[in-house]
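Peer 1: Starting off with a structure, shown below.
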Amino acid sequence: DIQMTQSPSSLSASVGDRVTITCRASQGISNFLAWYQQKPGKVPKLLIFAASSLQSGVPSRFSGSGSGTDFTLTISSLQPEDVATYYCQKYDSAPFTFGPGTIVDI
Amino acid sequence: VQLLQSGGGLVQPGGSLRLSCAASGFTFSNFAMSWVRQAPGKGLEWVSAIGGSRDTTYDADSVNGRFTISRDNSKNMLYLQMNSLRAEDTAVYYCAKTSSNWFSEIDYWGQGTLVSVSS
Chain A
2 DIQMTQSPSS
12 LSASVGDRVT
22 ITCRASQGIS
32 NFLAWYQQKP
42 GKVPKLLIFA
52 ASSLQSGVPS
62 RFSGSGSGTD
72 FTLTISSLQP
82 EDVATYYCQK
92 YDSAPFTFGP
102 GTIVDI
Chain B
16 VQLLQSGGGL
26 VQPGGSLRLS
36 CAASGFTFSN
46 FAMSWVRQAP
56 GKGLEWVSAI
66 GGSRDTTYDA
76 DSVNGRFTIS
86 RDNSKNMLYL
96 QMNSLRAEDT
106 AVYYCAKTSS
116 NWFSEIDYWG
126 QGTLVSVSS
């Protein structure tokens, strides 16, 4: 099975900072990758699909890039409401594994 | 889109439980569905998925042979039958809709239901 890793596992940044989270697949998955945001005590929310497509209603400060094995989620200007855990998920084929998550704090 | 879950609770190790998810606001049979769980204080874990037409299912190795995902497109219902439950199955279980008839990103989530496995 393809393994998904994320780095860093946690980060602390200031309001207005540019934040980058990396997700890596152990084998190529083309662009079949999604990013989710989960705020404490809340249901996960889809941010990015197909590696770089912004889900409707998601602020444009979120962006995704990558293909194959290496992917990034970027928050161009961190806002207080972005405090959350961010997960990547592969969906090229089963199992549809999630990454371990990255905690973003301010 | 609404995904209304029911069926969680406390069960003893080795016991069984069935989770249900009532879907509304979209053409249910046109979309693949999944179950995702989250153990207390842990990350998201994909559990099972089923195609829109019911003929294809996938399960994580951790639940293979114990859990069965199914759907009733006539009732707009998704199910997860969980047998031989273990302490490590304790988690909040989410019903999840994908964005297409085949397996793709999850665009809507249910509210979650807690399953606790303990004696």
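For the record, the sequence lines run as chains A and B. Numbers in the working numbering are just positions in the first sequence, counted from 1, shifted up by 1. Numbers in the working numbering are just positions in the second sequence, counted from 1, shifted up by 15. Glycine included, C-beta positions come from ideal geometry on N, C-alpha and C.
(1) Since isoleucine 92/A meets chain B, which of its residues come closer than 7 angstroms, beta carbon to beta carbon?
(2) What is the DSSP secondary structure of glutamate 120/B, reduced to helix, strand or coil?
(3) Using the Cα positions of leucine 2/A and cysteine 24/A, report the straight-line distance between them to the nearest angstrom.
(4) If you reduce the DSSP assignment to three classes, tell me which class phenylalanine 50/A lands in.
(5) Using the Cβ count rule (16 or more neighbours within 10 Å means buried), how would you classify valine 16/A?
(6) Hey, does leucine 19/B have any beta-carbon neighbour from chain A nearer than 8 angstroms?
(7) Would you list the one or two residues that DSSP bridges to threonine 42/B?
(8) Distance check for serine 89/B and serine 10/A, CA to CA, integer angstroms please.
(9) Less than 8 angstroms between the beta carbons of tyrosine 94/B and serine 85/B, yes or no?
(10) For glycine 66/B, collect the residues of the same chain with a Cβ closer than 8 angstroms to its Cβ; drop the 5 residues on either side in sequence, then sort them by chain order.
(11) Tell me the rounded alpha-carbon separation between glutamine 126/B and glycine 42/A.
(12) Is the CB of phenylalanine 97/A under 8 angstroms away from at least one CB in chain B?
(13) Whole angstroms are fine: how far does the CA of isoleucine 104/A sit from the CA of lysine 57/B?
(14) Taking the alpha carbon of tyrosine 87/A as the point to measure from, which residue in Phe33/A, Ile76/A and Pro96/A has its own alpha carbon closest?
(15) Using the C-alpha atoms, what's the distance from aspartate 18/A back to serine 64/A?
Peer 2: So, from the data block:
(1) Sequence index remark: in the first sequence, residue 92/A carries index 91 (1-based). Checking the sequence shown, residue 92/A turns out to be tyrosine, not isoleucine. Ordered by position in chain B, the residues that pass the 7 angstroms Cβ test against tyrosine 92/A are Phe118, Ser119 and Glu120.
(2) Residue numbering aside, residue 120/B sits at position 105 when the second sequence is read from its first letter. Three-state DSSP puts glutamate 120/B in coil, outside helix and strand.
(3) The count along the first sequence starts at 1 and reaches residue 2/A at position 1. The count along the first sequence starts at 1 and reaches residue 24/A at position 23. One point to set straight first is that residue 2/A is aspartate, not leucine, in the sequence displayed. Each residue's alpha carbon lies about 16 angstroms from the other.
(4) On the first sequence, position 49 is the one that residue 50/A refers to. Here phenylalanine 50/A sits in strand by DSSP.
(5) By one-based count along the first sequence, residue 16/A stands at place 15. With fewer than 16 Cβ atoms within 10 Å of its Cβ, valine 16/A is classed as exposed.
(6) As a first step, residue 19/B is located in the second sequence; it is residue number 4 there, counting from the start. Not an interface residue.
(7) Here residue 42/B is taken as the residue at index 27 of the second sequence, counted from 1. Per DSSP, none; premise fails for threonine 42/B.
(8) Here residue 10/A refers to the residue found at position 9 when the first sequence is read from its first residue. Here residue 89/B refers to the residue found at position 74 when the second sequence is read from its first residue. One C-alpha to the other measures close to 43 angstroms.
(9) Taking the second sequence and counting its residues from 1, the one referred to as residue 94/B is at position 79. Taking the second sequence and counting its residues from 1, the one referred to as residue 85/B is at position 70. Yes.
(10) Taking the second sequence and counting its residues from 1, one reaches residue 66/B at position 51. The residues are Ala47, Thr72, Asn116, Trp117 and Phe118.
(11) Your numbering for residue 126/B matches position 111 in the second sequence. Your numbering for residue 42/A matches position 41 in the first sequence. The straight-line gap from Cα to Cα measures roughly 11 angstroms.
(12) Stepping through the first sequence from its first residue, residue 97/A is reached at position 96. Phenylalanine 97/A counts as touching chain B.
(13) The count along the second sequence starts at 1 and reaches residue 57/B at position 42. The count along the first sequence starts at 1 and reaches residue 104/A at position 103. Looking at the two C-alpha atoms, the distance is approximately 12 angstroms.
(14) One-based indexing of the first sequence puts residue 87/A at position 86. Checking every option, the nearest Cα to that of tyrosine 87/A belongs to Ile76/A.
(15) Position 63 of the first sequence, counted from the first residue, corresponds to residue 64/A. Position 17 of the first sequence, counted from the first residue, corresponds to residue 18/A. Those two C-alpha atoms are separated by around 14 angstroms.
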